[in-house]
Amino acid sequence: MQKLESLLKNHGLRRTEVRLQVLSAFSQQDKAYSQQDLQNVLGNIDRVTLYRTLRSFEDKGLIHRAIDGTDQAKYALCQSHCTSNAHQDDHIHFHCVTCGKTVCIDDVQVPTLQLPKGYTIQDAQLIVRGHCGQC
Ligand SMILES: [Zn+2]
Ligand SMILES: [Zn+2]
Ligand SMILES: [Zn+2]
Numbered sequence: 025m026q027k028l029e030s031l032l033k034n035h036g037l038r039r040t041e042v043r044l045q046v047l048s049a050f051s052q053q054d055k056a057y058s059q060q061d062l063q064n065v066l067g068n069i070d071r072v073t074l075y076r077t078l079r080s081f082e083d084k085g086l087i088h089r090a091i092d093g094t095d096q097a098k099y100a101l102c103q104s105h106c107t108s109n110a111h112q113d114d115h116i117h118f119h120c121v122t123c124g125k126t127v128c129i130d131d132v133q134v135p136t137l138q139l140p141k142g143y144t145i146q147d148a149q150l151i152v153r154g155h156c157g158q159c
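Its first residue numbered 25, the sequence shown is counted upward by one per residue in the numbering used here.
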């Protein structure tokens, strides 16, 4: 908990019980959570509060969207170098088609792309689908 509290503090977030609960869910498993997943893990947490918590975590550089090609928005913990409005989550996201989980593969970067003249990249997402190590 000590570690989670300082994580909140370092990202300019006041310590609240809900924030600690949500952060602790993220830090327990190395996978991306949808809002529904978190709802299941945390039990009776208010939907709006959870939604706002996720928004503020994303704004402050604690979590990022793990786009995985499914229609559910999922979020995963950021590495320590992300800060408010300066995310650097240029790693790939792996979606297991068997168990349905999505994980960040932090040490595999999205390759540099050669775009046509006049095009610039704001951010790039790379989704890899397949079977995870447990499936
Ligand atoms: Zn980030
Ligand atoms: Zn799997
Ligand atoms: Zn990620």
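Don't be surprised by glycine CBs; every beta carbon is placed ideally from N, CA and C.
Once the 5 residues before and after Leu28 are set aside, which same chain residues still bring their CB inside 8 Å of it? Only Leu44, Leu47, Ser48, Ser51 meet the Cβ criterion.
Nearest neighbour of Gln146, chosen from His111, His117, Val132 [CA to CA]: Ranked by Cα distance from Gln146, the first of His111, His117, Val132 is His111.
Taking Cβ to Cβ, would you say His155 is nearer than 7 Å to Cys120? Yes.
My assumption, with CB atoms under 8 Å, is that Ala90 sits in contact with Cys128. Please give the rounded CB distance. Indeed they touch by this definition, with Cβ atoms about 6 Å apart.
First and last residue of the beta strand (DSSP E) that includes Ala100? Per DSSP, Ala100 belongs to the beta strand (DSSP E) from 98–101.
Alpha carbon of Arg71 to alpha carbon of Thr107, nearest angstrom: Near 25 Å, if we compare the C-alpha coordinates of Thr107 and Arg71.
Can you tell me whether His111 sits near ligand 1, meaning its C-beta is under 6 Å from at least one heavy atom of the ligand? Answer for His111: yes, Cβ within range of ligand 1.
Output the boundary residues of the beta strand (DSSP E) element that contains Val127. Its beta strand (DSSP E) spans residues 126–133.
Contacts around Arg153, its chain only, beta-carbon distance under 6 Å, and the 5 residues preceding and following it disregarded: Once the five neighbours on either side are set aside, the close Cβ partners of Arg153 are His119, Val121.
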